[in-house]
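This report concerns only the one structure given below.
Residue numbers (UniProt numbering): 1 to 1220.
This is the structure in structure tokens:
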């Protein structure tokens, strides 16, 4: 295409207008432009232009920008971007290329004399867009975590001015997104580099002109280098890196473990390669077999055990499972450098199972298996072990046992499977070690084909064997009192009454497109005949006991249900002339054939439709219209409407008449059919009768709309209800329609605890007490069970006397009870103070990101009849901020993980530990609460310490009783003023029922024990004593080692706590490459504070910073100990003494051999009074010699070790000073 003669483009960048200032408004690309789908026509135009050749740049510009009349700046910037990323610019040949012309710039690009960024700026200028070229550093293909940038720059990109805002564009990297063929391009990656948001762009691009970062706080080059090395796909996946935000991961004991949090359905994979060649050429170890990857619904955990010391590159890949991308390719999202200074002690491959991902995941459930064990790693101390699964449909299971370098012929005799209603896998493990279990499933409809469902790693240990660091790190943060989450069976197993139901899965891709945005009523064609289903009780099976199921989402995904609901609500908002139009618009226009989907549409229509809005033009007697119209004046019911609509939708349905408990029902009150009459439905779906109540599915809210009408909330729980739960509120006249194997009498029904609609909404069930009136004497424990997937449920309760008061002797009654939860059971412990009748009301809410502002709703009610006054009055529980013990709402928001399975912790050997794992360093505080009537002298001792990334509160009571521990937290990195204060995140109840020893532990300030902030900053780590509380029972000497990553000098102070006496002479510092050792002698019984200070060699100041603090408790036999030699400045710069460590008046060894390492020394000597003896050099740093000091013993004479470091030969620096 040739440009017209009148077309004379001008480069706006060559005019005198000047550029807008480098200021960017804070809007994101998505907020302003959405997903860019509206630019598809612009992209298509760019592709067409890219396939054409042009004689001049003027023709190209006309064809690309001006021939289509692209008026907006966004369209101009986009069409140039798309053309450059599609066109091979090396193939462009213009007719003439005079120097100084635009054509010459393209020749310069082909000769690698200019850049993509300059070409993009050139074309933008001629299109009338302000555009600048930015230079700096970019993390490209050759970059690896830990690399540093040198030189002027390694990349250039653009900032283009669109809609009064600057935006980043990188055409070079976008053009590298998969080749020039548009079919092979990574379009998502390409679009990422068009108008990239600054907070995402900074992860890969750092400009020299830092004002062009467009960040609230400009970051330095060193900060840029230390950002995670993430790729464009990372930002689409909504992933939180948690503890591993630094680009380098350091293995501890050869083991590295980290967790990636996800908020979207995602599949993750990984790849690891050594930096310097193969790991083991002889054994040809596949590094993937050394990675334990476990995927859960909202997180994936990786653990790697290094086969040898070295550096590794670790890459993580991801694919969104709910995206429009139909490919199965995983795209790289982040890369780490992993440094292991030593191999793992158990660095052998994992068992050779079929897949790399361990645990049940979601695949097992989709194939019809519901695993009892939720964790992928299972621990056993017995050679016999069982795995259990519940069947969700008719299937068979086979399993294979695997172990590294053990033949399958041996292992196949050690495993068997029982295929019953509950599938049990029996293991008889031949020896201790690691075993893998592959689980394969066969759907009987698919013939003999078995597919892999899941796999487990079983760790078999002897009774006196501890887990290796690899498994300790993997289980860290998942610990309960006795093992790993999912390792032991739940003490109160969740009631699982599901049975096989061969219901077709509703696949969203198989559904025709539902109308959710249109408001035009779909009219039925003339050929549409509305024929009701023919009913005959003889053709249908009689109602039989049925187990129900957890949720409709077992058979379809949430997107499909949401689409069906949206369609039904849209139809409910419209008016129809007759029932024929309504049933066509709701059901038949969608061409849906699945009965479950059709029933869902009917249910959501009746629960969405305002009764007063039901209007038809003509209503004939005994017509469907009449049934619906009668709903207005009460001559019909919701159940009769559902029945009518099901008839014309081809679904078998029954109206069930009976009694339902209303909001005003009282436990034990007689229910009459006149006052409590109600109707609901039973529908026959795919071989099963199911129950539903469309009337109670709408919960009236307390507040009304501005017009005075009630507002309603939809309750999902009344759609296809589990009969075991339905019987809490509905009692049919015909007993068979209870659908229970053990029917309930009307008397039992009336005596049940009172359950509200929210009880069903939250999936609750009564576990311990099925009767609503309890006759109590001492402590009563009521248990409610809920689905494990509802881990965000929180509970509170209220206690009222029959008189209506909520106090007893000035104390609130709810202080005589507590709530404590495990993963699926809520425990309510109540100790009533006096005889009488009490009302116990239990409230719940679900603390999730979608419902974090919900208030508590009443879920159930009990009546407690205390028959006698307790002989020993119960002691109220400590008055803490909440009635619910354990983690609170803010706990998980800060990325914390509880280390205790319960909110009630019992002491063991006089102590109770509350553990919290942190994904990043947090500031924590605590406060002790006592029971009413106790004075402050009864407060327990609390030791707060940090071990690696876990905070531990050790509570040491002074007497038997109950203690409340409130824990407060603050994120030190927060910038929001409202979040800078400490807020309560958890509370734990410590119960002490054992004999208490008088330990007299000292009072220490919070945060004193363990690592201080500079400890982590300097890259230090504990090598042996990770716990800052050291108890010495049989000796009074301890050796502490720290690992160092940079050259450091250390100081140390040892203080006796009771007297404050400084005993630092009893500590000796030994320094080796990457290790510093502190030798500590304790001269007497008691408590001692060991405070380690230090600084880096490169810090020229004399400042010594706090690094790590220990509390040493010496309570055993004390042998005589002596001070170490006094250590002076140069000794702490890498010196190491082999012998003698101690000299004193009672040594009585005439000749003493000195053997010592002194780096950088030119000469090392021993001074004794005026005598000087040189030591002999035995290598670069080692010096040796023998000196006779027999005559000096007992004279308090100084024996001085000194060194000359060059320069003045007569000048020596004192290293050590002994006294004999």
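Built from N, CA and C at the ideal position, the CB exists for glycine as well.
Could you tell me if residue i is buried or exposed, where buried requires 16 or more neighbouring beta carbons within 10 angstroms of its beta carbon?
i            : result
residue 266  : buried
residue 739  : buried
residue 761  : buried
residue 123  : buried
residue 35   : exposed
residue 1    : exposed
residue 25   : exposed
residue 437  : buried
residue 873  : exposed
residue 1200 : buried
residue 604  : buried
residue 702  : For residue 702, the predicted structure reports a pLDDT of 48, less than 50, and the residue's modelled location is therefore unreliable. The matter cannot be settled from this model.
Spatial neighbours of residue i within its chain, please: C-beta separation below 7 Å, excluding the five flanking residues on both sides.
i           : result
residue 775 : 865 and 867
residue 904 : 820, 885, 989 and 991
Can you tell me which of the options puts its alpha carbon nearest to the alpha carbon of residue i?
i           : options               : result
residue 8   : 127, 471 and 563      : 127
residue 270 : 262, 991 and 287      : 287
residue 959 : 304, 733 and 996      : 996
residue 431 : 728, 440, 240 and 458 : 458
residue 111 : 426, 89, 579 and 906  : 89
residue 80  : 94, 131 and 544       : 131
residue 344 : 416, 693, 255 and 54  : 255
residue 735 : 542, 423 and 1204     : 542
residue 545 : 425, 629, 606 and 722 : 722
residue 133 : 540, 208, 780 and 60  : 208
residue 892 : 880, 883, 816 and 916 : 916
I think residue i touches residue j, with their Cβ atoms under 8 Å apart; what is that distance to the nearest whole Å?
i            : j            : result
residue 49   : residue 64   : 5 Å
residue 1070 : residue 1136 : 5 Å
Excluding five sequence neighbours on each side, which residues of the same chain lie with their C-beta closer than 6 Å to the C-beta of residue i?
i            : result
residue 1206 : 1162
residue 491  : For residue 491, the pLDDT reaches just 34, beneath the cut-off of 50, and the residue's location in the model is therefore unreliable, leaving the point undetermined.
residue 696  : 718
residue 486  : In this prediction, residue 486 has a pLDDT of 35, which is less than 50 and means its spatial position is unreliable; nothing more can be read from the coordinates.
residue 107  : 97
residue 731  : 658, 659 and 749
residue 649  : 587 and 598
residue 1034 : 1116
residue 357  : 293 and 295
residue 12   : 125 and 128
residue 332  : 231, 315 and 317
Are residue i and residue j touching if we call contact CB-CB under 8 Å?
i            : j            : result
residue 340  : residue 310  : yes
residue 940  : residue 926  : no
residue 442  : residue 521  : no
residue 944  : residue 888  : no
residue 985  : residue 890  : yes
residue 117  : residue 172  : yes
residue 1040 : residue 1082 : no
residue 1223 : residue 336  : Beyond the ends of the chain as shown, which are 1 and 1220, falls residue 1223; an answer cannot be given.
residue 318  : residue 233  : yes
residue 290  : residue 351  : no
residue 1144 : residue 1067 : no
residue 877  : residue 840  : no
residue 692  : residue 680  : yes
residue 386  : residue 417  : no
residue 1107 : residue 1012 : yes
residue 948  : residue 1025 : no
Tell me which same chain residues have a C-beta within less than 8 Å of the C-beta of residue i, skipping the five on either side of it?
i            : result
residue 1153 : 1139, 1140, 1184, 1185 and 1186
residue 1128 : 1213, 1214, 1215, 1216 and 1217
residue 993  : 906, 907 and 960
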